[in-house]
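Oh and the sequence shown: position 103 is 103 in full-length UniProt numbering, straight run, nothing missing. Scroll down for the structure; my scribbles are underneath it.
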Amino acid sequence: MSRIEASQKIFISKSKIKGAGKGVFAKDEIIQGDIIERCPVIEVSLKDPANNDEGKLVDYFFYFGEGLAIALGFGSLYNHSYNPNATYKINLSNKTIDFIAIKILTQEKK
């Protein structure tokens, strides 16, 4: 794995959306196509007991190669919107999940 630095572009705060929890927000403008955060992962087998419909963690797994992974850093807190501001890319060789802006994100934009 190559060196991974913590992102200085984002912070976590309570969402202003009614009923929502915490979210990831931009500190300053983030340009479309920029990597917002590169998150290391914990790889998990498809057979792991945490991967069942009754477990709380099942909503936080990403498909990762032949198994699953949980994103570290802020990776598990990104919004699951039908109109997202970001997407993610699985990077098996670095063992990371990279979150990438698909829109310009202005300061404090979720």
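Yeah, the Cβ is synthetic: ideal placement off N, Cα and C, and Gly gets one too. All values derive from a computational prediction rather than experimental measurement.
Anticipated Cβ contact below 8 Å, residue i with residue j, distance rounded
| i | j | result |
| --- | --- | --- |
| residue 73 | residue 37 | 6 Å |
| residue 105 | residue 30 | 4 Å |
| residue 65 | residue 46 | That pair is no contact at about 11 Å. |
| residue 96 | residue 58 | Going by Cβ atoms, the distance from residue 96 to residue 58 rounds to 21 Å, so no, they are not a contact pair. |
| residue 51 | residue 61 | 6 Å |
Buried or exposed (CB count within 10 angstroms, at least 16 for buried), residue i
| i | result |
| --- | --- |
| residue 75 | buried |
| residue 6 | exposed |
| residue 85 | buried |
| residue 17 | exposed |
| residue 20 | exposed |
Other residues of its chain near residue i: CB distance less than 6 Å, five sequence neighbours each side excluded
| i | result |
| --- | --- |
| residue 34 | 101 |
Minimum Cβ-Cβ distance from residue i to chain B less than 8 Å
| i | result |
| --- | --- |
| residue 61 | Within the model displayed, chain B is absent; a lone protein chain is all it includes. |
Same chain only: Cβ atoms within 8 Å of residue i, ignoring 5 sequence neighbours per side
| i | result |
| --- | --- |
| residue 55 | 49 |
| residue 22 | 12, 13, 14, 15, 77 |
| residue 8 | 27 |
Chain-order list of residues whose beta-carbon lies under 7 Å from that of residue i (same chain, five-residue window excluded)
| i | result |
| --- | --- |
| residue 98 | 35, 38, 88, 89, 91 |
In chain order, each beta strand (DSSP E) run of at least 3 residues that lies wholly inside the UniProt domain "SET" (8-110): 10-14, 22-26, 35-44, 61-64, 67-71, 86-91, 96-101
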